[in-house]
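Visitor: Below is the structure I would like to discuss, written out as structure tokens.
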Amino acid sequence: MSTLAHTMMTAARSADSGLAGSGELDRYPYAETPAGERAAARPWGGSDSELGRASRRGAASRGRGLHGQLVQQLGQMIVSGDLGADRPLVPEEIGQRFEVSRTVVRESLRVLEAKGLVSARPNVGTRVRPVSDWNLLDPDIIEWRAFGPHRDDQRRELAELRWTIEPLAARLAAGHGREDLQQRLGDMVEIMGHAMGQGDTITFSRADAEFHALLIQAAGNRMLEHLSGIVSAALHVSGGPVTGCDRPGDASLAHHARIVDALASGDSAGAETAMRQLLVVHPDVDRVVPAPREQH
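Each residue of the sequence shown is one higher than the one before, counting from 31 in the working numbering.
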């Protein structure tokens, strides 16, 4: 086993540390909701409120700092529809419900605003925005939708998008001759093979995600690189630990290896075909697109 493979497999077995703390929080001037509108808003507290349910769902939100956890909980509520469009969000009420400071609340709302989920305007306050305003390519929103009531639509849309992005990336990568990236892609296939032999789905999944990120990087198209987060999110929410099938298997590994071989030989068409074959192995994609025809 290579040093890289050993290092990656060892790291995968250690517990996830999650994201770092919130760090230095900037001041963000959110307007307060007018008093009359506060009275009309549904209460945040109470065991039967939607926010109370979200609080319990997000209690173990991947070790994030306070503001990261609050972003996770509020984001899930908005995306699931528990907090509907135009719902006013009062910082004081949120802070009391989650027992966090106003600074944490404001930083969390600032993050949600950057994702297009909420808006803050003077004399109006902070309100939930309609779906048409959301940044649907944001990896967090992709994840929240994929594990919410709209999970089927989100996973289908991701599969359709990957069918467009990744075969093109494979074709372009074969024409760039980036030996350094090709070597790293080969390393990822080696890691996946060792992980599969040991039944280590976590390491397999991480190497798989790295493989697809590297492939998009190897395409040499900066606009495609900006879409790599979508692919990473799709791998995370695909319904299984890996992209190719419900569990690490020979078919998935073989398709990855064929992609690497095609890149090494500069076979653009072969790389594209191998990527399409890999994607079709996944049942979510099979319902969206036909299997690729073999080229003769």
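No residue lacks a Cβ here, since even glycine has one placed at the ideal position from N, Cα and C.
Roughly how many angstroms separate the alpha carbons of A248 and S295, rounded to a whole number?
Guide: So the alpha carbons of these two residues sit roughly 14 Å apart.
Visitor: Output yes or no for whether 8 Å exceeds the beta carbon distance between R147 and V158.
Guide: Residue identity check: residue 147 is Leu in the sequence provided, not Arg. Yes, they are a contact pair.
Visitor: Going along the chain, which residues of its own chain have a beta-carbon closer than 8 Å to the beta-carbon of I289, five neighbours each way excluded?
Guide: Leaving aside the five residues that flank I289 on each side, the residues in its chain whose CB is nearer than 8 Å to its CB run, in chain order, A200, L215, L245, A301, A304, M305 and L308.
Visitor: Checking 8 Å against the spacing of the C-beta atoms, do V267 and R185 come in under that value?
Guide: yes
Visitor: Whose CA, out of P152, Q212 and A263, lies closest to the CA of L293?
Guide: Q212
Visitor: Starting from S110, trace the alpha helix (DSSP H) in both directions and tell me its first and last residue.
Guide: That run of the alpha helix (DSSP H) goes L96 to S110.
Visitor: Do A204 and M218 have their C-beta atoms within less than 8 Å of each other?
Guide: no
Visitor: In terms of residue numbering, what span does the alpha helix (DSSP H) encompassing G125 cover?
Guide: P121 to F128
Visitor: Could you tell me the alpha carbon to alpha carbon distance between W193 and N153, rounded to whole angstroms?
Guide: In a straight line, the C-alpha of W193 is about 45 Å away from that of N153.
Visitor: Output yes or no for whether 8 Å exceeds the beta carbon distance between A262 and P169.
Guide: Residue identity differs from the one stated: residue 262 is Ser in this sequence, not Ala. Going by C-beta atoms, S262 is nearer than 8 Å to P169.
Visitor: Out of curiosity, what's the CA-to-CA distance linking N165 and K145?
Guide: 5 Å
Visitor: Here's the rule: buried if 16 or more other CB atoms are within 10 angstroms of the residue's CB, otherwise exposed. What is G227?
Guide: exposed
Visitor: Determine the extent of the beta strand (DSSP E) in which V148 is found, giving its start and end residues.
Guide: From DSSP, the beta strand (DSSP E) with V148 extends over V148 to R151.
Visitor: For A118, name the three-state secondary structure that DSSP assigns.
Guide: It is worth fixing the name first, because residue 118 is Pro in this sequence and not Ala. If DSSP states are grouped into helix, strand and coil, P118 belongs with the strands.
Visitor: Which ranges would you report for the beta strand (DSSP E) in the stretch 152-223 if only whole runs of at least 3 residues count?
Guide: 155-158
Visitor: Can you name the start and end residues of the alpha helix (DSSP H) that P265 belongs to?
Guide: Reading off the sequence, residue 265 comes out as Leu, not Pro. Note, L265: alpha helix (DSSP H), S258 to H266.
Visitor: D316 by DSSP, collapsed to three states: which one?
Guide: Legend: pLDDT at D316 = 44, less than 50; position of this residue unreliable, no value from coordinates given.
Visitor: Assuming contact is defined by CB atoms lying nearer than 8 Å, are P160 and A115 in contact in what I supplied?
Guide: Yes, the pair counts as a contact, with Cβ atoms nearer than the cut-off.
Visitor: In angstroms with no decimal places, state the Cα-to-Cα distance between L265 and R151.
Guide: Taking C-alpha positions only, L265 is separated from R151 by approximately 36 Å.
Visitor: Locate the alpha helix (DSSP H) running through L113, then write down its first and last residues.
Guide: Counting along the chain, L113 falls outside any alpha helix (DSSP H), and DSSP gives it neither H nor E.
Visitor: Helix, strand or coil: which one does DSSP assign to S131?
Guide: coil
Visitor: How should M222 be labelled, buried or exposed, when 16 other C-beta atoms within 10 angstroms of its C-beta is the threshold for buried?
Guide: buried
Visitor: According to DSSP, simplified to helix, strand and coil, what is D297?
Guide: coil
Visitor: Would you kindly check if the distance between the Cβ of G259 and the Cβ of L202 is under 8 Å?
Guide: no
Visitor: In angstroms, rounded to a whole number, what distance separates the CA positions of D182 and I232?
Guide: 24 Å
Visitor: Mind checking whether the beta-carbon of H286 lies closer than 7 Å to any heavy atom of the ligand COA?
Guide: This structure lacks the ligand COA; in fact it carries no ligand of any kind.
Visitor: Taking 6 Å as the limit between beta carbons, can you name the residues of its chain near S138, skipping five residues before and five after?
Guide: Counting only Cβ-Cβ distances below 6 Å, and skipping sequence neighbours, we find H97, L100 and V101.
Visitor: For a test of the three-state rule: what should DSSP assign to A249, helix, strand or coil?
Guide: coil
Visitor: Return the CA-CA distance between R252 and H286, expressed in angstroms with no decimal places.
Guide: Rounded to whole angstroms, R252 and H286 show a C-alpha spacing of 23 Å.
Visitor: Please determine, among R140, M107 and L198, the residue with the shortest C-alpha to C-alpha distance to R117.
Guide: M107
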